[in-house]
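Undergrad:
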Amino acid sequence: EISVHFMQDQRDRTSSEAEQQQQQVDEEPPPSQHLLRAATLPLIPKATFDSFTGREFYRYETIEGLVRTGLRIAGGSGVDAASDGRDASAVWNVSDDVGIVWTGEKKTVKFLNDFASSSSSLRNREDPGNDDSTGDDDVDGIGRATAIPSTQSKIWYDALESSQEVLVWTGKFTDPTTHNGNGNLNEGYGADIPIIKTTSIVHRSPKFLAELLMDSEKVKVYNKMSLGRTDEMVFQKGVDTVGGRFGDGETKVVRNLTKPPMVNSILEFVTCMHARQLRPDDTSLLSNNNINHNRIPTEGYIVVSRAVTGGKWNAGETNNHHNGEKFVRNEILLGVNILKAVPGEPDKTELTSVTHVYSPMIPLMLAKNAGVKGAVDFVRDIRALP
7 EISVHFMQDQ RDRTSSEAEQ QQQQVDEEPP PSQHLLRAAT LPLIPKATFD
57 SFTGREFYRY ETIEGLVRTG LRIAGGSGVD AASDGRDASA VWNVSDDVGI
107 VWTGEKKTVK FLNDFASSSS SLRNREDPGN DDSTGDDDVD GIGRATAIPS
157 TQSKIWYDAL ESSQEVLVWT GKFTDPTTHN GNGNLNEGYG ADIPIIKTTS
207 IVHRSPKFLA ELLMDSEKVK VYNKMSLGRT DEMVFQKGVD TVGGRFGDGE
257 TKVVRNLTKP PMVNSILEFV TCMHARQLRP DDTSLLSNNN INHNRIPTEG
307 YIVVSRAVTG GKWNAGETNN HHNGEKFVRN EILLGVNILK AVPGEPDKTE
357 LTSVTHVYSP MIPLMLAKNA GVKGAVDFVR DIRALP
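Numbering-wise (the numbering used here), the sequence shown opens with residue 7 and increments by one.
1) Just how far apart, CA to CA, sit residue 51 and residue 60?
2) Figure out for me which residue from 54, 70, 159, 180 has the closest Cα to the Cα of residue 107.
3) Tell me the DSSP secondary structure of residue 281 in three-state form.
4) Indicate whether residue 163 and residue 356 have their beta-carbon atoms separated by less than 8 Å.
5) Once DSSP output is grouped into helix, strand and coil, what is the label at residue 209?
6) Buried or exposed: where does residue 39 fall if 16 or more other Cβ atoms within 10 Å of its Cβ makes it buried?
7) When the Cα atoms are used, what is the spatial distance from residue 167 to residue 354?
8) Does the beta-carbon of residue 350 have 16 or more other beta-carbons within 10 angstroms, so that it is buried, or is it exposed?
9) Specify, as a first and last residue, the run of the beta strand (DSSP E) that residue 57 falls within.
10) Under 8 Å by Cβ, that's how I've got residue 376 and residue 359 pegged, so tell me the actual separation to the nearest angstrom.
11) With distances taken Cα to Cα, identify the nearest neighbour of residue 285 among 47, 77, 120, 165.
12) Just how far apart, CA to CA, sit residue 279 and residue 223?
13) In its own chain, which residues sit with a C-beta less than 6 Å from the C-beta of residue 226, not counting the 5 before and 5 after it?
14) Out of 243, 234, 347, 197, state which residue places its alpha-carbon closest to the alpha-carbon of residue 211.
15) Quick check: what's the CA-CA separation for residue 3 versus residue 208?
16) Using 8 Å as the threshold, is the C-beta distance between residue 281 and residue 219 below it?
17) Going by beta carbon distance, what residues of the same chain come within less than 6 Å of residue 391, once the five residues before and after it are set aside?
18) Starting from residue 108, trace the beta strand (DSSP E) in both directions and tell me its first and last residue.
19) Name the two residues that bound the continuous beta strand (DSSP E) containing residue 42.
20) On a Cα-Cα basis, can you pick out the residue from 368, 65, 383 that is closest to residue 269?
21) Helix or strand or just coil, what does DSSP make of residue 361?
22) Drop a sphere of 10 angstroms on the beta-carbon of residue 112, count the other beta-carbons inside from all chains shown, and report buried for 16 or more, exposed for fewer.
23) Where are the alpha helix (DSSP H) runs, 4 residues long or more, that stay fully inside the stretch 203-248, in chain order?
24) Assuming contact is defined by CB atoms lying nearer than 8 Å, are residue 175 and residue 203 in contact in what I supplied?
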């Protein structure tokens, strides 16, 4: 009976805190239209980056705009870059003024080429009269040979799972009109920092992974460097929420402290996170082949993250010391996790992750290698869950 009363008291306190947070937000002046739009862009303008308070994401259309940006970025890797690893001239246009040139890591390129070759051979054996061959142009951004029939999609999942590969691409932001880093990119915060993308198979269901990533109490389970993550502002709970006050899914602002080995400082991240179920119309943004996009399964979830840097979350306001160790603000400029169910295998997920992170402690020349290592380690830690 005592425990029941204690749990009820905790629920009442949590509800009261949420109501106080909502009242405080309702009393604040609304964000400008410029900030609302900037919060959804692939690259936030430098002039407004320090102005984000997290309140921008109380607008459902802002969250949805960020989700769509995440889907566009996660959905394409550039045909040339994915198929032969060259510094491709083809640009994956994320928006009118921002593109990404993706380059596959060596092991990724080999896997994709081997897969394209083997799937083409299988198709020709099953249909000897078919003279269509799967060349470079048939490999889409996440490694599938788009020319193969949808009934053979199991080949892709089986090949990726049996290899236990973590496919990796590194991306470089570019101006799609000039094909270089000039133009409007100069105004984008973090445009010179590499963006990393991975695709892998994980033996957990999409819902399990979505709830795991959103649960601050479980961060240490898969992030051994974390000292703990706290929910600073909860907009809405439940990854399966539909039609809530803040739209679908779960949204909150969190604060995470990490302590990498051989680093004297504690790394601090303040981030807005959002998770919801994937929808049928999301598939058009997950494929660079509009003809075949309806073949991609839609069961699953998307989790997006973006740094919050303004207001009470300004680094100057939160920067302090812990046991003599200084906090250093790091920023998740954009994080995307696409958790798609493997057809016919509900306890397996095709996990596509995109990470774009700024750390003042990592020199730009080392940012690519550090980003790749962090992205691959994340997948390995998830796979190693008990």
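Glycine included, C-beta positions come from ideal geometry on N, C-alpha and C.
Keep in mind that this is a model prediction, so the values were computed, not measured.
TA: With the given structure in hand:
1) For the purposes of this step, residue 51 is taken as the residue at position 45 of the sequence shown. For the purposes of this step, residue 60 is taken as the residue at position 54 of the sequence shown. Distance between the alpha carbons of residue 51 and residue 60: 16 Å.
2) Here the question's residue 107 lines up with position 101 in the sequence shown. It is 180.
3) As a working note, residue 281 is residue 275 in the sequence shown. The answer is strand: DSSP assigns residue 281 an E or B state.
4) Residue mapping note: residue 163 aligns to position 157 of the sequence shown, counting from 1. Residue mapping note: residue 356 aligns to position 350 of the sequence shown, counting from 1. Going by C-beta atoms, residue 163 is nearer than 8 Å to residue 356.
5) Working through the sequence shown from its first residue, we reach residue 209 at position 203. Residue 209 falls in the coil class under three-state DSSP.
6) Numbered from its first residue, the sequence shown carries residue 39 at position 33. Classification for residue 39: exposed.
7) Here residue 167 corresponds to residue number 161 of the sequence shown, with the count starting at 1. Here residue 354 corresponds to residue number 348 of the sequence shown, with the count starting at 1. Residue 167 and residue 354: Cα-Cα distance of roughly 10 Å.
8) On the sequence shown, residue 350 is found 344 positions in, with the first residue counted as 1. That one is exposed.
9) In the sequence shown, the residue the question calls residue 57 occupies position 51. Neither: residue 57 is in no beta strand (DSSP E) and is coded neither H nor E.
10) Counting from 1 along the sequence shown, the entry for residue 376 is found at position 370. Counting from 1 along the sequence shown, the entry for residue 359 is found at position 353. Not really, about 15 Å apart at Cβ, beyond 8 Å.
11) Numbered from 1 along the sequence shown, position 279 holds the residue referred to as residue 285. Taking residue 285 as reference, the option from 47, 77, 120, 165 with the minimal CA-CA separation is 77.
12) For the purposes of this step, residue 279 is taken as the residue at position 273 of the sequence shown. For the purposes of this step, residue 223 is taken as the residue at position 217 of the sequence shown. Distance between the alpha carbons of residue 279 and residue 223 is about 15 Å.
13) Against the sequence shown, residue 226 aligns to sequence position 220. Correct list, in chain order: 232.
14) In the sequence shown, counting from the first residue as 1, residue 211 sits at position 205. Per the Cα distances, 347.
15) Since the first and last residues shown for the chain are 7 and 392, residue 3 lies out of range.
16) Translated into positions along the sequence shown, residue 281 becomes position 275. Translated into positions along the sequence shown, residue 219 becomes position 213. Yes, these two residues count as a Cβ contact at 8 Å.
17) Locating residue 391 in the sequence shown gives position 385, counting from the first residue. Excluding positions up to five away in sequence, the list is empty.
18) Against the sequence shown, residue 108 aligns to sequence position 102. Per DSSP, residue 108 belongs to the beta strand (DSSP E) from 105-110.
19) Against the sequence shown, residue 42 aligns to sequence position 36. Residue 42 -> not in any beta strand (DSSP E); alpha helix (DSSP H) instead, spanning 39-44.
20) Stepping through the sequence shown from its first residue, residue 269 is reached at position 263. Among 368, 65, 383, the Cα nearest to that of residue 269 is on 368.
21) Here residue 361 corresponds to residue number 355 of the sequence shown, with the count starting at 1. Residue state, collapsed to three classes: strand.
22) Position 106 of the sequence shown, counted from the first residue, corresponds to residue 112. By the 10 Å Cβ count, residue 112 comes out exposed.
23) 212-220, 225-228
24) In the sequence shown, residue 175 corresponds to position 169, counting from 1. In the sequence shown, residue 203 corresponds to position 197, counting from 1. Yes, Cβ-Cβ distance for residue 175 and residue 203 is below 8 Å.
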